[in-house]
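**Student:** Next up is a structure, given as structure tokens.
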Amino acid sequence: MNTLTISALFCAFIALIFAIVTATKSLKEKRYLWFSILCGMIALWNSFFFASRILHSPLFERFHALLTVLLAPCAAGFFLHFVEKIDEKHTKFQKRLTSIYVISIALALGVFLPQGDIFFFLHSVSFYATCVIGYAFYLLYENLKKANLDINEKKRQKYLILGGIVTLMMLVFDRLTEAGLPLTSFGNVFLIVYLYFVYQIITKRKVVDIEDLTAKGVLFFSLAAILTFIYAILVSWVEGPALFLFNTFVASFVILVLFEPIKSTTEKLTNNFFLKGRRQTKRYLNQVKSKLLEVSDLRDLTHEVLVGLKNAYQATQAHFFLLDQDELTFRRLQSLDQNAANLVSEILVGDDFMKYVQRKHPVPASQTYLTQEILESSRILPKERLENVLKGFEKLNCEVAFGFMLDHKLLGFGTFTNAKTDTPYSLSKLSNLESFGKQIAYTIRNLKVYDRIREKDRMATLGEMSAGLAHEIKNPLGAIKGAAQYLQPDPQNATQSEFLNIIIDEVNRLDKVVNQFLNYAKPFPQNLEEVNIVDVVKNTLQKATPDIPKQFDLTFETEAPSIMVMADAQQMSQVFLNMILNSISSMSDGGLLKIHIRLKDKTVEISFEDTGEGIAPEDLKRIFVPFFTTKDSGTGLGLPISQKIVKAHQGDIYVDSQIHEGTKFTITLPRTT
1415 MNTLTISALF
1425 CAFIALIFAI
1435 VTATKSLKEK
1445 RYLWFSILCG
1455 MIALWNSFFF
1465 ASRILHSPLF
1475 ERFHALLTVL
1485 LAPCAAGFFL
1495 HFVEKIDEKH
1505 TKFQKRLTSI
1515 YVISIALALG
1525 VFLPQGDIFF
1535 FLHSVSFYAT
1545 CVIGYAFYLL
1555 YENLKKANLD
1565 INEKKRQKYL
1575 ILGGIVTLMM
1585 LVFDRLTEAG
1595 LPLTSFGNVF
1605 LIVYLYFVYQ
1615 IITKRKVVDI
1625 EDLTAKGVLF
1635 FSLAAILTFI
1645 YAILVSWVEG
1655 PALFLFNTFV
1665 ASFVILVLFE
1675 PIKSTTEKLT
1685 NNFFLKGRRQ
1695 TKRYLNQVKS
1705 KLLEVSDLRD
1715 LTHEVLVGLK
1725 NAYQATQAHF
1735 FLLDQDELTF
1745 RRLQSLDQNA
1755 ANLVSEILVG
1765 DDFMKYVQRK
1775 HPVPASQTYL
1785 TQEILESSRI
1795 LPKERLENVL
1805 KGFEKLNCEV
1815 AFGFMLDHKL
1825 LGFGTFTNAK
1835 TDTPYSLSKL
1845 SNLESFGKQI
1855 AYTIRNLKVY
1865 DRIREKDRMA
1875 TLGEMSAGLA
1885 HEIKNPLGAI
1895 KGAAQYLQPD
1905 PQNATQSEFL
1915 NIIIDEVNRL
1925 DKVVNQFLNY
1935 AKPFPQNLEE
1945 VNIVDVVKNT
1955 LQKATPDIPK
1965 QFDLTFETEA
1975 PSIMVMADAQ
1985 QMSQVFLNMI
1995 LNSISSMSDG
2005 GLLKIHIRLK
2015 DKTVEISFED
2025 TGEGIAPEDL
2035 KRIFVPFFTT
2045 KDSGTGLGLP
2055 ISQKIVKAHQ
2065 GDIYVDSQIH
2075 EGTKFTITLP
2085 RTT
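Residues in the sequence shown are numbered from 1415 upward in steps of one, following our numbering.
Here it is in structure tokens:
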């Protein structure tokens, strides 16, 4: 028994495993079916070779020769199915395959030759099989040069051809070794590696993983070579049995001590050489994670995350979604390209896409791998629901989605894609997103705690300030106004009358600002009762309509005539009026204001969408800060007061704005059951 015989048995066992595993995945696609057949043929081919050499049986030798003949068209059929749409367009390949089948069947009849005439047949079949498989690689190469394939498919086929030619040459050397030439039998070893490589190509469909495969292969062979060298130095020169056992023990001890340092050093060197792109990705994400420790605002968080995805994964578009307060939807907070068309603003928690992202966590969800799961009839979700998930990827226009999971709760998720390349992301490169998503989740939780503490401190400070303002500002203002009103303007002196009116108007304006500030600083007395929020909006519109100039258009839509909520109708009317007036003031030359009331599972959503100038990105995060205003005559308290009223009603208020396109304010309130 020599090396060739043992390697044949080992290769037969591995090929059989590949055949079974591939067959259990899916036989609907022809590549899967042909690969299963090819691996099964290789397993039988090597098994009969092993049996013929061990048992020295002419019968098994004939079977081995027969399988050599049949293996040739089987291999050719498999490789030529990498030609795109071979059944529909490439009829010349079909004709050539048919010719190969006919010749192979005719040649297979040689297995029935008498024993005296069988010698030539046994030695010619290997040459025939080599020619047929080599010709298949040639046809595949010719198609590769002419076909309009994407980058990913071209790389796959290039590696397929190069690896196949090298493996074929090694198998030819095995036959030359058997004929008596002084060569080492590595053909079956190369065949095992090549079968694994092809298996990865047809199942993973990710050529980027070839980098991992190469790095792991180099690492494996480097470690094997180093350990073999240690054993050879300490054992090979020993002659006596006692000394041999002692040196073997010493060599094993040395290897146990040095294995981890050698492995880590070798792994580091191979990764540095073969996986430079992944190291760069990891470095970018680590930089972002360091910055996340310092952010104190949700918009800063989204900005850092999106820019990080752009740098780390060359993303051309990315989205940041956060779980809504009602925990029924994920709302898009920001996108890398805010001006992109058909941006999705929200997605339901119960959507199949979100369930898939949660089930895949901590592994990022990839559109490419999802397509493969559908093909293989994955057991994660039924095929119909997986197809719904695929529609979700297309709707969000993304290649990858990863969650922000903390304590088994999905706080949000991010998506991204690179539209400039057809090469999909490898799972190994996406694996860095696991720790990245966890860091984002921690930051979201910390920001919520920080916001509550900051709001509490701010309200305490405002409360102290309001007490002083009541005496230091409000009382003198009353005195000034009273004195100005007491003075009787001279009808003959228009200038005096004008200045007295200016004093009174400005005192009234300052008194209004002080009252607004005092109202904002102190708790709101609420008269909560069950009201129809649709009627509240309609009544507010009736009050505001007379003050709206004619160049403005206003539309109102509601999904139901009656939507009941627990609210203070007067306070909510104040909020709605402020939303309407803000929208009107943002459209200086006229425009359209759309008011829409939508029903959610447990909430109602009232949106005010205008076609005004929009809000600058740097101002968006400050619009709810007291006294911040972009208007010449504004007090900067309207939106903070509105936000406080909505929060007191257990609701929330969101804003989405695009420069020169408009602004949309959305108020959510819990519905009564």
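Every residue gets a Cβ at the ideal spot worked out from N, C-alpha and C, and that includes glycine.
For T1544, which residues in the same chain have their Cβ closer than 7 Å to its Cβ, ignoring the five residues on either side in sequence?
**Tutor:** Only L1582 and V1586 meet the Cβ criterion.
**Student:** Is the Cβ-Cβ distance between F1462 and F1449 less than 8 Å?
**Tutor:** Not closer than 8 Å, so no.
**Student:** Can you name the residues that DSSP bridges to H1470?
**Tutor:** In the DSSP output, where bridge partners are listed per residue, H1470 has none listed.
**Student:** Does the stretch 1950 to 1963 come close enough to the stretch 1977 to 1987 to have 3 or more Cβ pairs within less than 8 Å?
**Tutor:** Taking 8 Å as the limit for Cβ pairs, the verdict is that the stretch 1977 to 1987 does touch the stretch 1950 to 1963.
**Student:** Excluding the five sequence neighbours on either side, which residues of its own chain have a C-beta within less than 6 Å of the C-beta of V1622, listed in chain order?
**Tutor:** Unreliable positioning characterises V1622 in this predicted model, as indicated by a pLDDT of 43, which lies under 50. The coordinate reading is nonetheless provided below. Result list for V1622: S1840, in chain order.
**Student:** Using a 10 Å radius around the Cβ and a threshold of 16 neighbouring Cβ atoms, would you call R1745 buried or exposed?
**Tutor:** Flag for R1745 reads buried.
**Student:** From E1801, N1753, D1740 and E2023, pick the residue whose C-alpha is nearest to that of K1769; which is it?
**Tutor:** Comparing Cα positions, the closest option is E1801.
**Student:** Look at the alpha carbon of N1846 and the alpha carbon of L1699, and state the distance between them as a whole number of angstroms.
**Tutor:** When rounded, the distance between both Cα atoms is 8 Å.
**Student:** Count the other CB atoms within 10 Å of the CB of F1534; is the residue buried (16 or more) or exposed (fewer)?
**Tutor:** Exposed, by the Cβ-count rule.
**Student:** Got a sec? Which residues, its chain only, sit under 6 Å from S1636 by beta carbon, not counting five neighbours each side?
**Tutor:** So the list reads T1680, once near-sequence residues are dropped.
**Student:** Please go through the same chain and pick out, in chain order, the residues whose beta-carbon is closer than 7 Å to the beta-carbon of Y1515, but skip the five residues on each side of it.
**Tutor:** Only P1487 meet the Cβ criterion.
**Student:** Can you give the beta carbon distance from L1428 to I1606, rounded, assuming they're within the 8 Å contact cut?
**Tutor:** According to the sequence shown, residue 1428 is Ile rather than Leu. Sure, about 5 Å apart at Cβ, within 8 Å.
**Student:** Buried or exposed: where does T1969 fall if 16 or more other Cβ atoms within 10 Å of its Cβ makes it buried?
**Tutor:** The residue is exposed, with fewer than 16 neighbouring Cβ atoms inside 10 Å.
**Student:** Are three or more beta carbon pairs between the stretch 2031 to 2048 and the stretch 2005 to 2012 nearer than 8 Å?
**Tutor:** As far as the Cβ criterion goes, the stretch 2031 to 2048 does not touch the stretch 2005 to 2012, which means the pair count is below three.
**Student:** Report the rounded CA-to-CA distance for A1893 versus S1911, giving the unit in angstroms.
**Tutor:** Answer to the nearest angstrom: the Cα atoms are 19 Å apart.
**Student:** One question on the structure: do I2067 and I2081 come within less than 8 Å of each other, judged by their Cβ atoms?
**Tutor:** Their beta carbons are under 8 Å apart, which means I2067 touches I2081 by this criterion.
**Student:** Kindly indicate which three-state DSSP category R1445 falls into: helix, strand or coil?
**Tutor:** Residue state, collapsed to three classes: helix.
**Student:** In the structure shown, what three-state DSSP assignment does N1946 receive?
**Tutor:** Three-state result, N1946: strand.
**Student:** How long is the line joining the alpha carbons of D1740 and P2084, rounded to whole angstroms?
**Tutor:** Taking the straight line joining both Cα atoms gives about 8 Å.
**Student:** Any beta carbon of chain E sitting closer than 8 Å to that of V1979?
**Tutor:** In the structure shown, chain E cannot be found, because there is only a single protein chain.
**Student:** Give the DSSP bridge partners of S2021, in chain order.
**Tutor:** In the DSSP output, where bridge partners are listed per residue, S2021 has H2010 and T2080.
**Student:** Ends of the beta strand (DSSP E) at I1994?
**Tutor:** It is not in any beta strand (DSSP E) - I1994 instead sits in the alpha helix (DSSP H) that spans A1983 to S2000.
**Student:** Please list, in chain order, all residues of the same chain as Q1752 whose beta carbon is under 7 Å from its beta carbon, the five residues on each side excluded.
**Tutor:** So the list reads Q2072, once near-sequence residues are dropped.
**Student:** Out of curiosity, what's the CA-to-CA distance linking K2061 and G2004?
**Tutor:** Answer to the nearest angstrom: the Cα atoms are 31 Å apart.
**Student:** Per DSSP, S1911 forms a beta bridge with which residues?
**Tutor:** Paired residues: none, contrary to the question.
**Student:** What residue from V1664, E1886 and L2013 has the CA that sits closest to A1646's CA?
**Tutor:** Minimum Cα distance to A1646 is reached at V1664.
**Student:** Considering just the uninterrupted stretch of the alpha helix (DSSP H) at V2069, what are its terminal residues?
**Tutor:** Segment D2066 to Q2072 is the beta strand (DSSP E) holding V2069; no alpha helix (DSSP H) there.
**Student:** When we look at the beta-carbon of H1733 and count the other beta-carbons within 10 Å, is it buried (16 or more) or exposed?
**Tutor:** Burial call: buried.
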